[in-house]
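Asker:
Number of protein chains: 2
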Amino acid sequence: MCLPCCGLSRPERELANRLAFSRSRLRRGEHLYRIGDSFNSLYAVRNGFFKSVTPLDNGREQVTGFSMPGEVLGLDGIGPERHAFNCIALEDSEVCAIPFGGLQSLAFEIPSLQRHFYKMMSREITRGHGVMLQLGSMNAEERLAMFLLNLSRRFAARGYSESEFNLRMTREEIGSYLSLTLETVSRTFSKLQDERLICVQQKLIRILNKAGLEGVMGRQGN
Amino acid sequence: MCLPCCGLSRPERELANRLAFSRSRLRRGEHLYRIGDSFNSLYAVRNGFFKSVTPLDNGREQVTGFSMPGEVLGLDGIGPERHAFNCIALEDSEVCAIPFGGLQSLAFEIPSLQRHFYKMMSREITRGHGVMLQLGSMNAEERLAMFLLNLSRRFAARGYSESEFNLRMTREEIGSYLSLTLETVSRTFSKLQDERLICVQQKLIRILNKAGLEGVMGRQGN
DNA sequence: CGTTGCGTTGAATAAGGTCAAATAGAGTGG
DNA sequence: CCACTCTATTTGACCTTATTCAACGCAACG
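Heads up: the protein sequence lines correspond to chains A and B, in order.
Heads up, the first sequence is in numbering that gives the first Met the number 0, so the first residue is 0 and it goes up one at a time.
Heads up, the second sequence is in numbering that gives the first Met the number 0, so the first residue is 0 and it goes up one at a time.
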């Protein structure tokens, strides 16, 4: 079941089965959707990895987020009825499209689904504000520690290892997301490795000292 | 009428009148709501000025936004049903409380109201991502230019002068919002003044060259 | 007046960006 | 299997920018 159904009770789930989900596959580099595309569906990531990207006023692009299996994509389109980001597969991936029209009619019958939506959207708000706001007050080491711990937590929540994982994105994409140059990202990985907090082998990251990493974040501005 | 009713047609507005709005006054420094307060209402700012503040992990606080008359406060609470920010009056202010329960029942009868909500929440998402994301790639001058232009646009939209206005917040609060130190904010105001783009007299700001200010933002990372 | 909060300015410092070069892998074709 | 190429990554040297620390100015208010 690929719907984010954690907010639903059993009979509601059966109702939800009325929705026709369609899967689709994407190759690495393909767009799931583009800015301005009309918004029809939410997408549950079944496998693979995605980045969301937005163009900046100055013509450059900024990565706004990464999405892994089990997570929902496309919430940015709900209000404006057009997508606000470009969403691109970082590797060959598969998603499950959830038609929003049907979902919305369902929501009229199922108040808890309505609430569930508000929750998801609201989490988006908080995530955006929360994560992004913090960035400003954090130095490079803190940003990277936060990034890794966030990934780790999400991997764990989806049943993957929390201490060892492959980054699917380049240093440049990480830098764009964290507002750092790729050189600083690289240097900071090395620094965290020197401190024996992580082990870096190309894209493979091993977290050696989780508490230590959390300490990096905690000691900010103290 | 203090409801954000721009999305409603006439009969819907009449329906909306069934909602009981209650006004309340706040003194400078008083909390409109605090983090963790149960979420009951949205608030339309009638007059005055507010800041939203969130505590950071390290114990310090960060200003996440400013709100002026005509704007809606409290959207952060919808999903979690508890407020996610502290909201504090920057001067003696008056708000209009819109009970959310009633609003939600209304939304069941009025699909356009439902959509309107999605829109407002979604705008919150976009605003958060949009503004905050940009910060990372902007230097102090660009940040301040953006801040002033944003304020100017919002003042204009509410019927105030777009070229001359009083800042209700301190340099420190601006700095917190933009992730700069208060000294850098001050220096940068001076710099913009030296460039004849603005005129600063304590809290009174006059925008002398709007195009120039926009140019400051535009030339980022060119 | 003296105090207090807020704002401005200067000098020294630290952090990250920029530019440049070296290295390492992954994939390709011979 | 090897050379070749392309891209990603790492590292170094230098420079720009914002922060830090400190001093001073100013206005409001008791």
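Cβ atoms here follow ideal geometry from the backbone N, Cα and C, with glycine treated the same way.
Is it buried or exposed for C86 of chain B, if we count other Cβ within 10 angstroms and need 16 for buried?
Answerer: Buried, because 16 or more other Cβ atoms sit within 10 Å of the Cβ of C86 of chain B.
Asker: To the nearest angstrom, report how far apart V62 of chain B and F49 of chain B are at their CA atoms.
Answerer: Their backbone Cα atoms lie some 10 Å apart in a straight line.
Asker: Just how far apart, CA to CA, sit G135 of chain A and L177 of chain B?
Answerer: Near 8 Å, if we compare the C-alpha coordinates of L177 of chain B and G135 of chain A.
Asker: Who are the near neighbours of G76 of chain A in its chain, counting only those whose CB is closer than 6 Å to its CB and skipping five residues on each side?
Answerer: Correct list, in chain order: F38 and H82.
Asker: Please go through the same chain and pick out, in chain order, the residues whose beta-carbon is closer than 8 Å to the beta-carbon of M216 of chain B, but skip the five residues on each side of it.
Answerer: Cβ neighbours of M216 of chain B beyond the five flanking positions: M137, E141, A144, M145 and L148.
Asker: Grab me the residues of L166 of chain A's own chain with a C-beta within less than 7 Å of its C-beta, minus the 5 sequence neighbours each way, in chain order.
Answerer: Result list for L166 of chain A: K202 and I204, in chain order.
Asker: At the 7 Å Cβ level, is K118 of chain B part of the contact set with chain A, yes or no?
Answerer: Closer than 7 Å: yes.
Asker: Return the residue from the list B:I206, B:E161 and B:H30 that minimises the CA-CA distance to D91 of chain B.
Answerer: That would be B:H30, whose Cα lies nearest to the Cα of D91 of chain B.
Asker: Do the stretch 92 to 99 of chain A and the stretch 18 to 27 of chain A make contact, defined as three or more Cβ pairs closer than 8 Å?
Answerer: As far as the Cβ criterion goes, the stretch 92 to 99 of chain A touches the stretch 18 to 27 of chain A, which means the pair count is three or higher.
Asker: Can you give the Cα-Cα distance for S151 of chain B and H115 of chain B, rounded to whole angstroms?
Answerer: If I take the Cα positions, the gap works out to 25 Å.
Asker: What's the call for G73 of chain A, buried or exposed, on a 16-neighbour Cβ count within 10 Å?
Answerer: Buried: at least 16 other Cβ atoms inside 10 Å.
Asker: Please check if any C-beta of chain B sits within less than 7 Å of the C-beta of G35 of chain A.
Answerer: Taking Cβ atoms only, chain B never reaches closer than 7 Å to G35 of chain A, which makes this a no.
Asker: Which residue wins for smallest C-alpha separation from L41 of chain A, given the options A:D56, A:S66, A:A155 and A:A156?
Answerer: Closest option to L41 of chain A, Cα to Cα, is A:S66.
Asker: On the DSSP bridge list, what partners appear for Y42 of chain A?
Answerer: Its beta-bridge partners are A:L72 and A:A96.
Asker: Please report the residue range of the alpha helix (DSSP H) in which R26 of chain A lies.
Answerer: First-last for R26 of chain A: undefined, no H or E at that position.
Asker: Over the uninterrupted beta strand (DSSP E) stretch that includes F49 of chain A, give me the two end residues.
Answerer: F49 to P54 is the span of the beta strand (DSSP E), which, as asked, contains F49 of chain A.
Asker: Please report the distance separating the alpha-carbon of G69 of chain B from that of R45 of chain B.
Answerer: About 6 Å.
Asker: Is DSSP giving Q201 of chain A helix, strand or coil here?
Answerer: In the structure shown, Q201 of chain A sits in coil (DSSP, three-state: anything other than H, G, I, E or B).
Asker: Quick test of your reading: A88 of chain B and R27 of chain B, contact by CB under 8 Å. State the CB separation rounded to the nearest angstrom.
Answerer: Confirmed, Cβ separation roughly 6 Å.
Asker: In angstroms, rounded to a whole number, what distance separates the CA positions of E108 of chain B and G214 of chain B?
Answerer: Going from the Cα of E108 of chain B to the Cα of G214 of chain B covers about 47 Å.
Asker: What residues in its chain sit with their C-beta under 6 Å from that of L7 of chain B, if we drop five residues either side in the sequence?
Answerer: Low confidence applies here, because L7 of chain B scores a pLDDT of 49, under 50, leaving its location unreliable; read the following figure in that light. So the list is empty, once near-sequence residues are dropped.
Asker: Can you check whether the C-beta of S151 of chain A is within less than 7 Å of a C-beta belonging to chain B?
Answerer: Chain B contact via Cβ: absent.
Asker: Report yes or no: is there a C-beta of chain B within less than 7 Å of the C-beta of I77 of chain A?
Answerer: It does; some Cβ of chain B falls within 7 Å.
Asker: So with Cβ pairs under 7 Å, would you call L2 of chain A a contact of chain B?
Answerer: With a pLDDT of 49 at L2 of chain A, under the threshold of 50, the predicted position of this residue should be treated as unreliable, and no value is reported.
Asker: So if DSSP puts F107 of chain A in a beta bridge, which residue, or which two residues, is it bridged to?
Answerer: F107 of chain A pairs with nothing; no bridge assigned.
Asker: Does A234 of chain B pass the burial test, meaning 16 or more other C-beta atoms within 10 Å, or should it be called exposed?
Answerer: Chain B is shown from 0 up to 221; residue 234 of chain B falls before or after that span and cannot be answered.
Asker: Here's a check: name, in chain order, each residue in its chain whose Cβ is nearer than 8 Å to the Cβ of T169 of chain B, leaving out the five neighbours to either side.
Answerer: L181, listed in sequence order.
Asker: Count the other CB atoms within 10 Å of the CB of S175 of chain B; is the residue buried (16 or more) or exposed (fewer)?
Answerer: Buried, by the Cβ-count rule.
Asker: Going along the chain, which residues of its own chain have a beta-carbon closer than 8 Å to the beta-carbon of K190 of chain B, five neighbours each way excluded?
Answerer: Contacts found: E140.
Asker: Is it buried or exposed for Q133 of chain A, if we count other Cβ within 10 angstroms and need 16 for buried?
Answerer: It counts as buried.
Asker: Helix or strand or just coil, what does DSSP make of R33 of chain A?
Answerer: R33 of chain A: coil per DSSP, three-state reduction.
Asker: Does G135 of chain A get closer than 7 Å to chain B when you measure Cβ to Cβ?
Answerer: Yes, G135 of chain A lies at the interface with chain B (some Cβ there is under 7 Å from its Cβ).
Asker: Within 7 Å (strictly less), CB to CB, does L7 of chain A reach chain B?
Answerer: Confidence at L7 of chain A is low in this model, with a pLDDT of 49, below 50, so its placement is unreliable and no value can be given for it.
Asker: By the criterion of Cβ-Cβ separation under 9 Å, what are the contact partners of M216 of chain B in chain A?
Answerer: Those within 9 Å of M216 of chain B in chain A are D56 and N57.
Asker: Decide if N221 of chain A is buried, meaning its Cβ has at least 16 other Cβ atoms within 10 Å, or exposed.
Answerer: Low local confidence applies: a pLDDT of 40 at N221 of chain A is under 50, so the model's placement there is unreliable, and no value is given.
Asker: Just to confirm, is the Cβ distance from V71 of chain A to A43 of chain A under 7 Å?
Answerer: Going by C-beta atoms, V71 of chain A is nearer than 7 Å to A43 of chain A.
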